[in-house]
Amino acid sequence: MSEHLYVRTPLTPSTTLSQVAGCKIFLKLENFQPSGSFKYRGTSHLMQHSLRHSSSPSKVHFYCSSGGNAGVACATAAKSMNLPVTVVVPNSTSAFLVSKIRHAGAEVYQIGADWIEADAFLKTNLLANDPHGCYIPPFDNPIIWEGASSMFEEVYEQMGDECFDGVVCSVGGGSLLTGIQTAIQRHPEGPRPRVLAVETKGADSLNASLRKGQHVTLPRITSIATSLAIVRVAERAYELAQEDNVSSIVLSDAEAAMGSVRFAEDEDLLVEVSCGAALAAVYNGDLRRMLGAGMDDERWREMRVVVAVCGGSDVSENLFKEYRKKYSAEATSMVSNTVPTEELSVGNSLEGRVALGFEMGSCLRKGAVPLRV
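If you're matching positions, the sequence shown starts at 1 in the UniProt record's numbering and goes up one per residue.
Printed below as a string of structure tokens:
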């Protein structure tokens with residue numbers, strides 16, 4: 001078995017988003033993971049760890065409960081290992097995403113109003129009856145956080161001597177935020193990057209906990225961002241979010257949806273609404289308001305900010321057409337002033353990068369770093 005199944009993903013400057021934000025924006029493109037999202041890092045890392053510690057690795061059957069993307073990741077990794085996998089998702093998971101999990105080779109059950117109910121069914125009715133069953137949670141596990149932290153270990157390598165000053169990420173269960181903070185803690189040299197943690201209203205368990213000053217559970221999920229649909233963020237994520245380099249904001253579904261739509265228009269990449277939340281914070285000016293408070297324009301212009309483009313599988317062009325029709329009038333704040341191109345020097349935009357000869361699949365599996373100019 002290889003050292004790890006996840007791949008090294010591109011870190012690329014974005015001229016378009018830099019113009020919108022007024023600072024230097026870099027995109028960490030986790031949508032190029034084999035399963036389409038950052039979840040593949042932590043999920044596959046835990047699966048490989050479990051096999052290494054199993055007395056009968058050839059008999060292992062993986063069981064994963066998920067709102068969607070962790071299930072796709074688990075099914076994709078299990079297929080590469082030639083091992084069986086069962087995924088349980090709640091009723092809120094779209095039929096499109098369920099079909100993707102099945103297509104990846106998993107047996108799928110759709111049960112429960114939310115992830116907690118789906119997880120309880122998996123543990124009680126499936127995992128408990130399989131002596132070779134191996135449980136793969138979607139976010140709350142130290143081995144998953146270790147895998148997720150590899151994303152920003154790569155960022156530190158890819159930035160080289162250039163430090164980065166800030167990070168923007170979406171938050172659901174908290175494995176991405178935990179992985180980012182874990183990587184930052186391993187690099188104490190220099191100023192600590194600020195982290196902007198973004199949730200959608202109705203799936204904002206982290207922000208609700210921070211505002212109340214205690215770890216809380218939401219009564220229900222009302223956001224369309226089903227991949228962020230966790231009523232109680234991981235305890236470790238809540239702890240790390242209280243550190244002084246983390247800020248938390250909540251955006252509307254309309255902003256998150258239009259964040260995905262605008263990103264598709266600007267960069268020709270499709271990412272789901274859960275990822276669109278982080279991008280929306282760049283488009284609507286919250287990035288400047290939260291991480292650039294007190295800075296003059298000259299100082300802000302030199303800031304280097306990495307956006308964790310976490311990806312996601314629940315996405316299609318038809319869905320984006322629906323978003324544009326439903327939410328464009330609500331998300332008027334998504335139209336931001338831009339900084340003239342000549343005032344920002346961040347390198348080439350993504351447009352045409354693959355066409356110019358960056359063969360994504362083969363290069364990533366060799367650990368190649370994308371061109372930085």
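By construction, the Cβ of each residue, glycine as well, lies at the ideal position given by its N, Cα and C atoms.
C-alpha distance - residue 6 paired with residue 40, whole-angstrom precision = Residue mapping note: residue 6 aligns to position 6 of the sequence shown, counting from 1. Residue mapping note: residue 40 aligns to position 40 of the sequence shown, counting from 1. Taking the straight line from one Cα to the other gives about 6 Å.
Quick one: what's got a C-beta closer than 7 Å to residue 182's C-beta in the same chain, skipping five residues either side?
-> Taking the sequence shown and counting its residues from 1, one reaches residue 182 at position 182. Cβ neighbours of residue 182 beyond the five flanking positions: 145, 149.
Run through DSSP, which three-state label would residue 34 get?
-> On the sequence shown, residue 34 is found 34 positions in, with the first residue counted as 1. In the three-state scheme derived from DSSP, where H, G and I count as helix and E and B as strand, residue 34 is classed as coil.
In terms of residues, what are the limits of the alpha helix (DSSP H) holding residue 169?
-> As a position in the sequence shown, residue 169 is number 169, starting the count at 1. It is not in any alpha helix (DSSP H) - residue 169 instead sits in the beta strand (DSSP E) that spans 166–170.
With distances taken Cα to Cα, identify the nearest neighbour of residue 141 among 299, 179, 327.
-> On the sequence shown, residue 141 is found 141 positions in, with the first residue counted as 1. Here the closest residue by C-alpha is 179.
Do three or more CB pairs link the region 8–21 to the region 108–126 at distances below 8 Å?
-> no
Where the alpha helix (DSSP H) containing residue 276 begins and where it ends | As a first step, residue 276 must be located in the sequence shown, where it is residue number 276. Taken as a continuous stretch (DSSP letters only), the alpha helix (DSSP H) holding residue 276 covers 273–283.
If you draw a straight line from the C-alpha of residue 95 to the C-alpha of residue 20, how long is it?
-> Here residue 95 corresponds to residue number 95 of the sequence shown, with the count starting at 1. Here residue 20 corresponds to residue number 20 of the sequence shown, with the count starting at 1. Their Cα atoms are separated by approximately 35 Å.
Within the same chain, show all residues whose beta-carbon is closer than 7 Å to that of residue 116, passing over the 5 residues directly before and after it, in chain order.
-> Numbered from its first residue, the sequence shown carries residue 116 at position 116. The residues are 231.
Could you name the residues that DSSP lists as bridge partners for residue 25?
-> Reading the sequence shown from its first residue, position 25 is the one you call residue 25. 305, per the DSSP bridge assignment.
Extent of the continuous beta strand (DSSP E) run through residue 109 | The residue labelled residue 109 in the question sits at position 109 within the sequence shown. Looking at the DSSP string, the run of the beta strand (DSSP E) that includes residue 109 is 107–110.
Contained beta strand (DSSP E) runs [length at least 3] in the region 28–108, N- to C-terminal order = 61–65, 85–89
Helix, strand or coil for residue 173 per DSSP?
-> As a working note, residue 173 is residue 173 in the sequence shown. Annotated three-state conformation of residue 173 is coil, per DSSP.
Sort out for me which residues DSSP pairs residue 196 with in a bridge.
-> To locate residue 196, count along the sequence shown from 1; it is residue 196. Paired residue(s): 168, 247.
Going by other Cβ atoms of all chains shown within 10 Å of its Cβ, with 16 needed for buried, is residue 138 buried or exposed?
-> Mapped onto the sequence shown, residue 138 falls at position 138. By the neighbour-count rule (16 or more Cβ atoms within 10 Å), residue 138 is buried.
Could you check the C-alpha separation between residue 53 and residue 123 for me, to the nearest Å?
-> The sequence position of residue 53 within the sequence shown is 53, counting from 1. The sequence position of residue 123 within the sequence shown is 123, counting from 1. Taking the straight line joining both Cα atoms gives about 20 Å.
Over what stretch of residues does the alpha helix (DSSP H) that includes residue 238 continue unbroken?
-> Along the sequence shown, one-based indexing puts residue 238 at 238. 235–241 is the span of the alpha helix (DSSP H), which, as asked, contains residue 238.
From which residue to which residue does the beta strand (DSSP E) around residue 135 run?
-> Translated into the one-based positions of the sequence shown, residue 135 becomes position 135. Segment 133–136, the beta strand (DSSP E) holding residue 135.
Among the residues of its own chain, which have a CB less than 6 Å from the CB of residue 171, if the five just before and after it don't count?
-> Here residue 171 is taken as the residue at index 171 of the sequence shown, counted from 1. Only 177, 197, 199, 206 meet the Cβ criterion.
Contact belief for residue 159 with residue 38 at Cβ below 8 Å, rounded distance in angstroms = Taking the sequence shown and counting its residues from 1, one reaches residue 159 at position 159. Taking the sequence shown and counting its residues from 1, one reaches residue 38 at position 38. Actually they do not touch by this definition, with Cβ atoms about 18 Å apart.
Where residue 35 falls, given that 16 or more other Cβ within 10 Å makes a residue buried | Position 35 of the sequence shown holds residue 35. With 16 or more other Cβ atoms within 10 Å, it is buried.
Evaluate residue 163 with the Cβ neighbour count: other Cβ atoms within 10 Å of its Cβ, from every protein chain shown; 16 or more gives buried, anything less gives exposed.
-> Residue mapping note: residue 163 aligns to position 163 of the sequence shown, counting from 1. By the neighbour-count rule (16 or more Cβ atoms within 10 Å), residue 163 is not buried but exposed.
Alpha carbon of residue 284 to alpha carbon of residue 93, nearest angstrom | The sequence position of residue 284 within the sequence shown is 284, counting from 1. The sequence position of residue 93 within the sequence shown is 93, counting from 1. When rounded, the distance between both Cα atoms is 28 Å.
Residue of 191, 132, 25 minimising C-alpha distance to residue 55 = For the purposes of this step, residue 55 is taken as residue 55 along the sequence shown, with counting starting at 1. Taking only the C-alpha atoms, the option nearest residue 55 is 132.
Any idea what DSSP makes of residue 9, helix, strand or coil?
-> By one-based count along the sequence shown, residue 9 stands at place 9. Residue 9 falls in the coil class under three-state DSSP.
Among 216, 91, 61, which one has its Cα closest to the Cα of residue 84?
-> Along the sequence shown, one-based indexing puts residue 84 at 84. Ranking the options by Cα distance to residue 84, first place goes to 61.
Apart from the five residues just before and just after residue 216, which ones in its own chain have a Cβ nearer than 8 Å to its Cβ?
-> To locate residue 216, count along the sequence shown from 1; it is residue 216. The residues are 205, 208, 209, 232.
Top-ranked residue by Cα proximity to residue 58, from 68, 74, 64, 78 = The residue given as residue 58 occupies position 58 in the sequence shown. Per the Cα distances, 78.
Which whole-angstrom value is the C-beta distance of residue 226 and residue 67, which I expect to be below 8 Å?
-> Your numbering for residue 226 matches position 226 in the sequence shown. Your numbering for residue 67 matches position 67 in the sequence shown. Right, their Cβ atoms sit about 5 Å apart.
With residue 22 and residue 301 assumed to form a contact (beta carbons below 8 Å), what rounded beta-carbon distance in angstroms separates them?
-> In the sequence shown, residue 22 corresponds to position 22, counting from 1. In the sequence shown, residue 301 corresponds to position 301, counting from 1. Indeed they touch by this definition, with Cβ atoms about 6 Å apart.
Return yes when the Cβ of residue 313 is within less than 8 Å of the Cβ of residue 272, no when it is not.
-> If you number the sequence shown from 1, residue 272 lands on position 272. If you number the sequence shown from 1, residue 313 lands on position 313. Taking 8 Å as the Cβ cut-off, residue 272 and residue 313 qualify as a contacting pair.
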